[in-house]
Structures are given as C-alpha cells and as structure tokens.
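Undergrad:
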Amino acid sequence: MTARVGVVTFPGSLDDADAARAVTRAGGEPVPLWHGERDLHGVDAVILPGGFSYGDYLRCGAIARFAPVMSALVPAARAGLPVLGICNGFQILCEAHLLPGALTRNAGLRFISRDVRLRIETARTPWTSGYTAGQQIVVPLKSGEGAYAADPGTLAELEAAGQVVARYIEINPNGSAADIAGICSDSGSVVGLMPHPEHAVDELTGPGSDGLGFFASVISVLAGA
Amino acid sequence: MARVVVDVVLKPEIHDPQGEAIAGACRRLGFGQVAGIRQGKRFEVELSGPADDAALARIAELAAELLANPVLEDFSLRTV
Amino acid sequence: MARVVVDVVLKPEIHDPQGEAIAGACRRLGFGQVAGIRQGKRFEVELSGPADDAALARIAELAAELLANPVLEDFSLRTV
Amino acid sequence: MTGGPGPSGQDTVSVAAATPGRQQPFAELGLTAAEYDRIRDVLRRRPTDSELAIYSGMWSEHCSYKSSKVYLRQFADKAPESAALLAGIGEQAGVVDIGQGYAVTFKIESHNHPSYVEPYQGAATGVGGIVRDILAMGARPVAVMDALRFGPADAADTRRVLPGVVGGISFYGNCLGLPNIGGELAFDPCYAGNPLVNALCVGVMRHGDMKFAAATGPGNKVVLFGSRTGPDGIGGASVLASASFGNQNAEDGGESSKRPSVQVGDPFMEKLLIECCLELYSSGLVTAIQDLGAAGISCATAELAAAGTGGMRVSLDAVPTRDASLRPAEILRSESQERMAAVVEPRHTDGFLAVCAKWGVQATVIGEVTDTGRLEMTWHGELIVDMPPGSAADDGPVYHRPVARPAGQDALAAADPAGLARPATGSGLRATLLDLLASPGLADKTWVTQQYDRYVRGNTVLAMPEDAGLLRIDERTGLGVALATDGNGRYCKLDPYAGTQLALAEAYRNVAATGARPLAVTNCLNFGSPEDPGVMWQFEQATAGLADGCATLGIPVTGGNVSFYNQTGGAAIHPTPVVGVLGVHDDVRRRLSIGFATGGASIVLLGRTRLELGGSAWAQVTHGHLGGRPPRPDLDAERSLAAVLIAAASGGLLAAAHDLSDGGLAIALAESCLRGGLGCRVTLPGDPFSYLFSESAARAVVAVRPGSQPAFAALAAEHDLPAEVLGSVGGDSLLVADCFEIPLAELAAAHGGTLPALFG
Ligand SMILES: Nc1ncnc2c1ncn2[C@@H]1O[C@H](COP(=O)(O)OP(=O)(O)O)[C@@H](O)[C@H]1O
Ligand SMILES: [Mg+2]
Chain Y
1 MTARVGVVTF PGSLDDADAA RAVTRAGGEP VPLWHGERDL HGVDAVILPG
51 GFSYGDYLRC GAIARFAPVM SALVPAARAG LPVLGICNGF QILCEAHLLP
101 GALTRNAGLR FISRDVRLRI ETARTPWTSG YTAGQQIVVP LKSGEGAYAA
151 DPGTLAELEA AGQVVARYIE INPNGSAADI AGICSDSGSV VGLMPHPEHA
201 VDELTGPGSD GLGFFASVIS VLAGA
Chain Z
1 MARVVVDVVL KPEIHDPQGE AIAGACRRLG FGQVAGIRQG KRFEVELSGP
51 ADDAALARIA ELAAELLANP VLEDFSLRTV
Chain H
1 MARVVVDVVL KPEIHDPQGE AIAGACRRLG FGQVAGIRQG KRFEVELSGP
51 ADDAALARIA ELAAELLANP VLEDFSLRTV
Chain P
1 MTGGPGPSGQ DTVSVAAATP GRQQPFAELG LTAAEYDRIR DVLRRRPTDS
51 ELAIYSGMWS EHCSYKSSKV YLRQFADKAP ESAALLAGIG EQAGVVDIGQ
101 GYAVTFKIES HNHPSYVEPY QGAATGVGGI VRDILAMGAR PVAVMDALRF
151 GPADAADTRR VLPGVVGGIS FYGNCLGLPN IGGELAFDPC YAGNPLVNAL
201 CVGVMRHGDM KFAAATGPGN KVVLFGSRTG PDGIGGASVL ASASFGNQNA
251 EDGGESSKRP SVQVGDPFME KLLIECCLEL YSSGLVTAIQ DLGAAGISCA
301 TAELAAAGTG GMRVSLDAVP TRDASLRPAE ILRSESQERM AAVVEPRHTD
351 GFLAVCAKWG VQATVIGEVT DTGRLEMTWH GELIVDMPPG SAADDGPVYH
401 RPVARPAGQD ALAAADPAGL ARPATGSGLR ATLLDLLASP GLADKTWVTQ
451 QYDRYVRGNT VLAMPEDAGL LRIDERTGLG VALATDGNGR YCKLDPYAGT
501 QLALAEAYRN VAATGARPLA VTNCLNFGSP EDPGVMWQFE QATAGLADGC
551 ATLGIPVTGG NVSFYNQTGG AAIHPTPVVG VLGVHDDVRR RLSIGFATGG
601 ASIVLLGRTR LELGGSAWAQ VTHGHLGGRP PRPDLDAERS LAAVLIAAAS
651 GGLLAAAHDL SDGGLAIALA ESCLRGGLGC RVTLPGDPFS YLFSESAARA
701 VVAVRPGSQP AFAALAAEHD LPAEVLGSVG GDSLLVADCF EIPLAELAAA
751 HGGTLPALFG
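Residue numbers (the numbering used here), protein chains in the order written: chain Y, 1 to 225; chain Z, 1 to 80; chain H, 1 to 80; chain P, 1 to 760.
#1: Would you please verify whether the beta carbon of Lys11(Z) is less than 8 Å from any beta carbon of chain H?
#2: Quick check on the DSSP output: what are the complete beta strand (DSSP E) runs of length 3 or more inside the region 355-424 of chain P, in order along the chain?
#3: Taking a contact to mean a Cβ-Cβ separation below 8 Å, would you say Thr128(Y) touches Ile120(Y) in this structure?
#4: Do the region 333-350 of chain P and the region 266-283 of chain P meet, that is, are 3 or more Cβ pairs less than 8 Å apart?
#5: Roughly how many angstroms separate the alpha carbons of Val314(P) and Glu382(P), rounded to a whole number?
#6: Rounded to whole angstroms, what is the Cα-Cα separation between Ala295(P) and Ser690(P)?
#7: Whose Cβ in chain Z lies nearer than 9 Å to the Cβ of Leu58(Y)?
#8: Between the region 80-97 of chain Y and chain H, which residues of the former have CB atoms less than 9 Å from a CB of the latter, in chain order?
#9: Note down, in chain order, all residues in the region 43-63 of chain H with a beta-carbon under 9 Å from any beta-carbon belonging to chain Z.
#10: Using a Cβ-based criterion (distance less than 7 Å to any ligand heavy atom), does Ala324(P) qualify as near ligand 4?
#11: By a C-beta neighbour count over all protein chains shown, 10 Å radius and 16 as the cutoff for buried, is Met194(Y) buried or exposed?
#12: Using the C-alpha atoms, what's the distance from Leu14(Y) back to Glu167(Y)?
#13: Compare the C-alpha of Pro17(H) against each of Asp74(H), Gln33(H), Gln39(H), Leu29(H) and name the closest.
#14: So, helix, strand or coil for Arg78(Z), using DSSP?
#15: Please return the same chain residues whose Cβ sits closer than 7 Å to the Cβ of Val34(Z), not counting the five positions on each side in sequence.
#16: Is Thr552(P) helix, strand or coil when you go by DSSP?
#17: Answer yes or no: do Lys41(H) and Arg42(Z) have a C-beta to C-beta separation smaller than 8 Å?
#18: By Cβ distance, which residues of its chain are closer than 8 Å to Ala64(Z), with the 5 residues on each side in sequence left out?
#19: Give a yes or no on whether 8 Å exceeds the smallest Cβ distance from Gly554(P) to chain Z.
#20: Taking the straight line between their C-alpha atoms, what separation do you get for Thr609(P) and Cys190(P)?
#21: Taking the alpha helix (DSSP H) that Thr158(P) falls in, what are its first and last residues?
#22: In chain H, which residues lie with their C-beta within 8 Å of the C-beta of Leu109(Y)?
#23: With H, G and I counted as helix, E and B as strand and the rest as coil, what does DSSP make of Glu255(P)?
#24: In chain Y, which residues lie with their C-beta within 7 Å of the C-beta of Val71(H)?
#25: Output the distance between the C-alpha atoms of Pro346(P) and Gly122(P), rounded to the nearest integer angstrom.
#26: Who are the near neighbours of Phe740(P) in its chain, counting only those whose CB is closer than 7 Å to its CB and skipping five residues on each side?
#27: In terms of residue numbering, what span does the beta strand (DSSP E) encompassing Pro166(Y) cover?
#28: Tell me which residue opens and which closes the alpha helix (DSSP H) that Asp16(Y) is part of.
#29: What is the C-beta distance between Gly420(P) and His625(P), in whole angstroms, given that I count them as a contact (C-beta under 8 Å)?
#30: Over what stretch of residues does the beta strand (DSSP E) that includes Pro688(P) continue unbroken?
#31: Are the beta-carbon atoms belonging to Gly764(P) and Gly599(P) less than 8 Å from one another?
#32: Ala484(P) lies in the beta strand (DSSP E); which residues open and close that run?
#33: Let's test the definition: count the other Cβ atoms within 10 Å of the Cβ of Glu13(H) and tell me whether it reaches 16, buried, or not, exposed.
#34: Could you tell me the distance, in whole angstroms, from the CA atom of Ala392(P) to the CA atom of Arg44(P)?
#35: What are the residues that DSSP puts in a beta bridge with Ala797(P)?
#36: With a threshold of 16 other CB atoms inside 10 Å of the CB of Glu61(Z), please say whether the residue is buried or exposed.
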C-alpha cells in the first residue's frame, strides 16, 4: 500500500503543488488537506508547505496556527504522526509550539532566494532516514524571515538531544543560531526545515535532486511500519 | 541614559491590509469585540545623553527622515 | 468607540538586526547621540464596546496568544 | 442661478440639467476645455460630478491612448499572418496558441510614476496590476518578469529608489507565488527622477477557457469582488500619468486634500483572488470578467457595458468601502488594488458568492446588465450617472500631435564614436573587459535577482541570469514557453526606428538562444511628453520600427502599454520601448543554458561582426559617450540565426548558447564562463577590439558538443550563417590568444562586486 501524505493548503500557501509533486515522485500518494477542515482524512504523514499563509501578516505562521486543521494536526503530531514543515510550515510549527524557538528576520534584512548547501545532522527522523548523518545536500532557500532563534538553554538542549536536523555549511545565509536550517521534536517525528527540498527533486527545475530524500524517507518508513 | 519612543502609524486614509487580516483572525478566534486593528511600528531610541529639547528636536528630524515614510506614515514622540 | 494600544517589543536578549541597521544609519546621518534602537510593533485595537476591565482582559489574552510571540516578545497595553 | 444639490446633497442628473452653468473642475481632473465641451455635447447637458469623474479617468492618456492610438493601429495593420493569435490588441492581454490545447497570454505594463513617489508600494502594485490583467483573460498567472531602469547607480536617489522597487517586486511577486524568471536592470542619468518600472506577467489556460470583458445578457448581475474600495489612488490615471505629474500634490480634483494617490498592495488578497477566480472559471460561473486597474470602477463598468449588450445599472452605494465618507465621484475614481468585476447569470450568483466566501473574498452584487444603451448609476436611489458607456470607453479623444525631428538629432548622429581612443594592447583590452564587466549595467545582477523566488510552482527551467526565462507548461510532453524582455534607450535615442528593432531583435534572439521558437510580442513604450513634437517623432519612429520589424520576423504584437510623460522638467528620458518576446519550446529538456559547462566543446561565433560602436556599452563606460549610429538591425539575419539555434538545440548539437548584446563578445564569453564554471581559450579571427567589443546585432556564441562540429557547420552553412570557430571550453580562465588571460576568480570578483558595493 502506498503511503498517503497529506499536504495542507492554507490561504496563501504557495508550494503545496510542489510538495505534492515531490511526494508523487518519491512514490507516495499526496492527499490535499484544506485549512478549514478539522480532519486529516486518515493520512499517514503531513506536510505543511511553504508560502505566505495569511500573507505572513503579523508574524509568519502566527495566524495559520489557529486554522481549524491545526486542531486536528497538533494532537496527531504529539501522538507521533510524521509532520514536515517547510519554510512557512516550519514557522507554523514553531508558532504552534510543536517545535521550540522561532524564525526571525534575516540578518541581511532582505528576502533571500538562493541555493544553499546543508549538512544532514541526523538520520533518526522519519524524514531523513534515507540520508546518512553528515551527508551534504544542495537545496533552495527562499525566505525573508528564516533566521532560527531560541534562547541559549533551548539551543543547548537541541544540540544535546540531537534535535538539529540540518545545518547550513559554507555560509550562514540568514543569521540562524548555530547555523541551524532545521530541527525536530524530541521524538523526531515532527521536522521543521527552512530550505525547500521539494524544489530539488528534479535536475530540470531545481539545483538537483538532493531534496527527494526527505519524501522518499518518510514513504519508506511508512511502508516498513 | 534617556529613552525616547517614536510611534509610527499609517496615515488614517492609507490601506492597512495587515491590520485587516489580523482583525479578521481575532474575530475568527472569538474576539468579537475587535472592530478593527491598525498596525504600526514602535522604535525605542536610546540616547547617549539627556532627552532635552535639543535631543528631541534631533529625534524628530530622524523620525521624519528615517523611521517614518512620510508618504504613508505619521509619527509621534514620547519620552519614557 | 474605545481604542486600546498594544505595544509589542522584542525581549531584551533577542537580537534585533533591523533596529541595529537603523541605529547604524542614524549615526551615519550624523545623529551621534543615538546609542541604540529597538524596533517593535504597535497595534491600535478598536473596540466595538467600552474599554472596561473585562475588555482589557480579553485584549491581554489576545496579545498573549496572537499579537505577540512569547518566545521572542513582550507586550503591554494602554488605553488611549 | 444656483442649483442646489439634490436631497442627498449629491450632484444628480436632474441637478446637472437644472444648473448648466455651474463651474466644474475639469482642468484639475486633467481634461482640456475642448474635451469638456465634447462631454457636454455627448450628454446634451453638463456632466454630473460623477460623470465627470468617469470621463476624466477614461479620457486620460493612460486609459484612452489618445496621443498614441493613431500609431498603435499599425501593429494590427502591418501584423504578419499568425495562426497562433487567439486574441490580439484590444483585449486586456493578447492570447496565443502554443499547441497541445494550451493557450498563453502575456503582457508588460509600466508603473513608473508611482514607483518614483513610493518605490516599494509603487513597484509592488505594478506587479499586482499586470497579474490581474492576465487573470482576467481566464488564465492562471504562472510567472512574472521585471524590466527596471534607474538614474546613475551611484546617485543618492537611486539608493532610495532601486532597493525600494526591488523590495516591492520581491514582496508582491513572492507572496503571490509567481516565479520571477527574468528582466532587466539598466542605469542612465536620463532616468534620474524618472525610473522605469515595467512588469510582465504570463498566464496559461486551455483553449476555450478564454474570458472576455463584455457585459452581455440583460438581467445578468454585476458583481464586484476583492478588496473594499478606499480613498487610495484616487485619480491615479488622470493625475499621475499625465502632464501634471510634476506637481501632482497641487491638486486633487477638488476633493479632500487628504486623498492619497499612493496605494498599498495586498498580495495576500491578490493570491486569494487568483485562486477564487480560477475556481469560478472552472465551475462555469462567470459570463464576463474584468480587472479593476486605472480609473477603477469607472473603467470596469464603462468598458464592460460598452463591449457587451450596451447598458448597465449600478447602485454605487452598494460598493463596500473602507471609508464611509467617500463620495460617489471618489468611489468611481478610486484605484484601490485587488478588485475584480464579473458579470454573472442570476442563476449562478449564489454559487458565485459561495466560491468567493470559500476563499475569504468579499463579493457584492452592485448592479445588472440592461439593454438601454445607457450606463446608469444611482446613489441612495438618485440618478447620478446617465451616459452612453461607449462615449467614455471607445469614443475618447484621438490626437494627431505635432511631430518634429529633434533639432539635435543630426549632431548626435554625427558624433561618431569611431574617433574615440581604443585600447590597442593586450593589457589594455584586458582592463577594458574588466571595466565593462564591473560597470553597473553589465555587472552581475544577483543582488536583485536573489530577492526573487524563481522556484515556486516547480516549472522554472531557466531563469536569471540566462538569456530568457523558460517555463515548463506540460510535465508529460515537455512543452514550454520562453520569454525575454529587452530595450536599449541609448540605441533608441540615436535612432528610435533602428533602436526599437534592435530591442525586438534582442528579445527574439534571447528566446531563440534557449532553443525556443519566437511566436509573439508585447511591448511597453516609455517616452517623454506627447506634447513635445520631438518626443512624438521618437514615438512615431519607434512604433513604425516595431511594426515593420514584427512583420519581417513574422511575429505579431499581441498587446502592450504606453507610458508618456516620463520627464523631469523639460528633459525627457531616452525613448525606451521595452519589447517582450514569447516563444514556444517543444521540449524543455532540450533547453540551452548560457553556461560553459562541457569541457572540450568548441566555441563558435555566429553572425557577422562589423565595427559598430554607436550607443555601445564600451562608449558609455569608458568614454561617457553617446553618439553616432546604433548597430544596423538585420532582421533577416536574425531569422537565420534563430533557425540555426532552434534546430541545433532540438538536434542536441549544442552544450550552450548565449546571444551577444551589450558589451559584445567579450561580455558574452565572460558571462558564459562564470555561469558554467569553466573557462575557455579562444583565438580571434580579426581585429581584437572589434571582435571583443563591437555590438553588431544578429550574433550569438555557442558551445558545440564534442563530435557535433561537422553537423553544426553544415546546419549553419545551410542557413548562410557565418560561423567562425574561435576555440574551446576548458580551464579556469578566459584566455584570448595573443591578448590576455583572466582567471575566472578575477572575472567573478569584477562582475559580482559592483551591486553589493553600491546597495549593501
Ligand atoms: N530586474 C531584473 N529582474 C529579473 N531578472 C533580471 C533583472 N535584471 C536582469 N535580470 C536577468 O539577468 C540576466 C542578465 O541580464 P542582461 O544582461 O540584461 O540579459 P540580456 O543582455 O541577455 O538581455 C538575464 O537573465 C536577465 O533576465
Ligand atoms: Mg541575452
């Protein structure tokens, strides 16, 4: 049975179609989920895609956090449902307190759209199990508020518990604390990532296909479960 | 060290889509008594000297040139 | 109609690149007495009813849940 | 006698009839006395305030094309036969058939004046406006481009305007989820005080999905949806884009002095509008649709009615507003963003409103279609507008403005750059190349393009810094479209006819360089005041050049936009037509990049190189000189070049292709090396300076795959296209035999350092 991966569309979501395409490419079945429904339709995993939910007015992700679909997603995620938040999705996960810390204004104060090199720091999440720890990948980053911030205690805990999922190498494009590009919950099932693996699933339209591993990982984990 | 707060608000006739979207969210969250929201900025300016008249006059200049966009915004100063 | 202002400021320990950039620009423009700037937000909330204690308590809830992010920001209310 | 207002205090139709002598502020609204008299003739009375608001918007230069109309006709009259054209000039945007059941619509538009007043919001709302044009054709917008021109890069005002403009385009386009796939960035003192901000949008639909802006069917409802109407942008069309721009604060049409012309964009609302409209279309709920742009509700209602059954009745007080104090004339003139108007059958209105509600878009029935032949509007039950809609929408004034070749034109042509000192040694040529590569106009544009999302929607195959943007349209077949915009004010200043053809040729060449077949043209004509006969001469020459050029190249103009009054005081900008060309790519997997990435590929220069330096980047950068004749356009040679590039791409013969334009071969080689990460070694077949820096048109440099050289040579010969083998790809430097060698790192530093140093 192919894994069914939900992709949530909020008003202002932009990369939902890309995320669904990436799921298909990785062999899964994408299931569109609507922000206004309190129902996950029995999916095996969920992606919160990139974009500007509610215009990113107020703070990125601040309004989306209260969408009806989140009232179903938050308890499911706490109970172990694999969730990947990409860019705006990461911001929503932080605002919803499923992940610690916050994403703040880029150090250079401008929107950045560029390819970045990341090091995958852990393969123990369902979204990175297909990579090896230490593996380097190139994927696009595109955000204005992508600088990860958290208090020193939280940062220390994240490091100690191995919850840093990916780090910027070569350069830190946005001033993220400890070069953090992505983190996970203590169980590992909820992952937030600022760069966009769904834009790197095909040489033709992306910098390469290094990002496919996130989607392939969860699908193979679900198949084995 | 003295501190001056510069409040920057959109001119009343300028459209504030952010404020509207936030007000909409408030109502969806059950805060029915919110009739509207206008979002502005607030700058806390720390001075190396006292907040005397001369300094305030300089800060007002600064606000007009840099902190507020005169095409869209108004500003006001207060010492705290 | 009553109006409540919610001021949202970054917690003191949080880095504020925007405020720093503006403070730098001030000094380049010759406003030497600016020791630092912190940028915050200001929400003017218009109420459909009076700004009584009950309404203020609701607005404080709103500020804590929506208008400010407790990870990064503090807020305060004032009636105007 | 005094005619008191009606019971509501409004200037109603009956009040107007009773008070024929009342003074009206037509001049402040941008109308001439003769135009005002014509309105009185049409109505056989004086207009009401609201009618005057409608006419002033619709008869503005921006909406009526009154000075340009007589020239724009030739785009249709001289247009080549094109089976691909599904809708042409006259629609909001042209529509072309790209095969496999797909149609594409694209258009470029200016937002110059608003972007000078408030760069961030001005540019942002420029993107918003052109996207709604495309949406209103029935298409899904799929990408944007931006063609930008500013004053000197190191001028203080450019440091205010440029970052604001780029930030605004980034903010709006990124938030809409439209990839930015290309554009232009140029600097010249003539644009100080008059930046050019031209935005292009392209959309895709299936055949048969096309929508028209015609209010047909009496009884059908007129629905206004999107943002509420506010006091922003009141009179933008008549005031901003007109002669009075210079002192636009001086008058506001007699309305409250607090009414701002500056508008704030709400890309989130626009994103909702896009999704909402597409669902309305696919559910079959829309009879006709029109975006609200310049002249707002005036324009939407008058145009819909004029193009349809002919009549419409509107309750203006039904329009949702953000400000209860707005008066009818202000509501009519407001240019609040993110609004659309639709005509809907009564049986579909509930469904229509439900889809809008799903997307959180406010929608209101404001009127209905009638067969009276009149556009009638009421305000609290009183009739305040009663006019034939065609008189505003179609029968505006048409001017044959005086035309005169500018006095200085001959002297300009005589100032030939041939006499300027040229570098003669290898080290001199080397230094010249590095100077040009680092000059703001030719420098790496990453500072700008890094603020634009190019990836969203997952179909961007080529984007900046490639020659053209290339989008995949069909994932299964690989069908795609390529787009490029070009313009060169310096060439056009020297010779507007030739200069416009050069802009057309460059965009055509850029599209072909990806392997796509050019199909259609859009254009944005940025000029000074039409009341200046010299400017009108430039305009006459430019439009003739474009129409003739399109006829020769066999690709029709499908639409465009005119922006006049680009001047500061008496000084007009260089005439700057910006031309966009769209091409079809049969299989985007066979696209060509500009990058030299295949070691051992042989480098071939295509086309004929002459010593042509008039208006060149070399003359500007090294001598601050503008004079002489621009390069000679050779459109037949452009066709041959394109044919070879397209055939070679589809035959898989090439590893890279890059057109030659500003800065000539020297800059093209440097860009291809930097893009692909490999160097090259070349030997020039003649005078090194001419080969490196001349800007002869109809040329490209290609990297032929190892082993494909004989087949490629045969292909070029078949098209009579000169093809000179210069050398090969490889190494980590740009080496020109007997002249110089420059390590890639040094090229990159020169190319990449300029804009960050200027703009932070
Ligand atoms: N304002 C801009 N927005 C987006 N892309 C831009 C902009 N300015 C330049 N570019 C891109 O940078 C690249 C180099 O531009 P340019 O040298 O003008 O191209 P060409 O000479 O081939 O027309 C092109 O890919 C162009 O699309
Ligand atoms: Mg080019």
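All C-beta atoms in this analysis are idealised placements derived from N, C-alpha and C, irrespective of residue type, glycine included. What you are looking at is a predicted structure, and each value in this text was computed from that prediction instead of being measured.
TA: Let's see:
#1: It does not; no Cβ of chain H falls within 8 Å.
#2: You should have 363-370, 375-379, 382-387.
#3: In contact: Thr128(Y) and Ile120(Y) (Cβ atoms closer than 8 Å).
#4: Yes: the two stretches touch, three or more of their Cβ pairs being nearer than 8 Å.
#5: One C-alpha to the other measures close to 11 Å.
#6: Pairing Ala295(P) with Ser690(P), the inter-Cα distance amounts to about 51 Å.
#7: Near Leu58(Y) (Cβ distances below 9 Å), the residues of chain Z are Gln18, Ala21, Ile22, Ala25, Gln39.
#8: For the region 80-97 of chain Y, which is checked against every Cβ of chain H, the residues closer than 9 Å are Cys94, Glu95, His97.
#9: So the list reads Phe43, Glu44, Val45, Glu46, Leu47, Ser48, Gly49, Ala55, Arg58, Ile59, Glu61, Leu62, given in the order they occur along the chain.
#10: As presented, the structure is devoid of ligand 4, carrying ligand 1 and ligand 2 as its sole ligands.
#11: Around the CB of Met194(Y), 16 or more other CB atoms lie within 10 Å, so the residue is classed as buried.
#12: It is worth fixing the name first, because residue 167(Y) is Arg in this sequence and not Glu. Their Cα atoms are separated by approximately 24 Å.
#13: Across the set Asp74(H), Gln33(H), Gln39(H), Leu29(H), the C-alpha of Gln39(H) shows the shortest separation from the C-alpha of Pro17(H).
#14: Reduced to three states, the DSSP call for Arg78(Z) is strand.
#15: A distance below 7 Å between beta-carbons, with the five flanking residues on each side excluded, links Val34(Z) to the following residues of its chain, in chain order: Ala23, Cys26, Arg27.
#16: The DSSP-derived three-state label of Thr552(P) is helix.
#17: Cβ atoms of Lys41(H) and Arg42(Z): closer than 8 Å.
#18: Cβ within range, chain order: Pro70, Phe75.
#19: Taking Cβ atoms only, chain Z never reaches closer than 8 Å to Gly554(P), which makes this a no.
#20: Going by the C-alpha atoms only, they are around 30 Å apart.
#21: Element bounds for Thr158(P): 156-176.
#22: Ordered by position in chain H, the residues that pass the 8 Å Cβ test against Leu109(Y) are Pro17, Gln18, Ala21.
#23: Annotation note: pLDDT 36 at Glu255(P) (below 50); position unreliable, coordinate value reported separately. It is coil, neither helix nor strand.
#24: Listed along chain Y are Gly101, Ala102, each with a C-beta nearer than 7 Å to that of Val71(H).
#25: Between the alpha carbons of Pro346(P) and Gly122(P) lies a distance of about 38 Å.
#26: Closer than 7 Å at Cβ, skipping near neighbours: Gly426, Ser427, Leu429, Arg430.
#27: Rather than Pro, the amino acid found at residue 166(Y) in this sequence is Ala. In the DSSP annotation of this structure, the continuous segment of the beta strand (DSSP E) that includes Ala166(Y) starts and ends at 164-168.
#28: Annotation for Asp16(Y): the continuous alpha helix (DSSP H) segment containing it runs 16-25.
#29: The sequence shown places Leu at residue 420(P), not Gly. The Cβ separation is near 6 Å, so the contact holds.
#30: Where Pro688(P) is concerned, there is no enclosing beta strand (DSSP E), although the alpha helix (DSSP H) it sits in stretches over 688-693.
#31: Any question about residue 764(P) goes unanswered here, given that chain P covers just 1 to 760.
#32: Segment 480-486, the beta strand (DSSP E) holding Ala484(P).
#33: Under this definition Glu13(H) is an exposed residue.
#34: Ala392(P) and Arg44(P): Cα-Cα distance of roughly 15 Å.
#35: Missing from the structure shown is residue 797(P); chain P here goes from 1 to 760 and no further.
#36: Residue environment for Glu61(Z): exposed (fewer than 16 other C-beta atoms within 10 angstroms of its C-beta).
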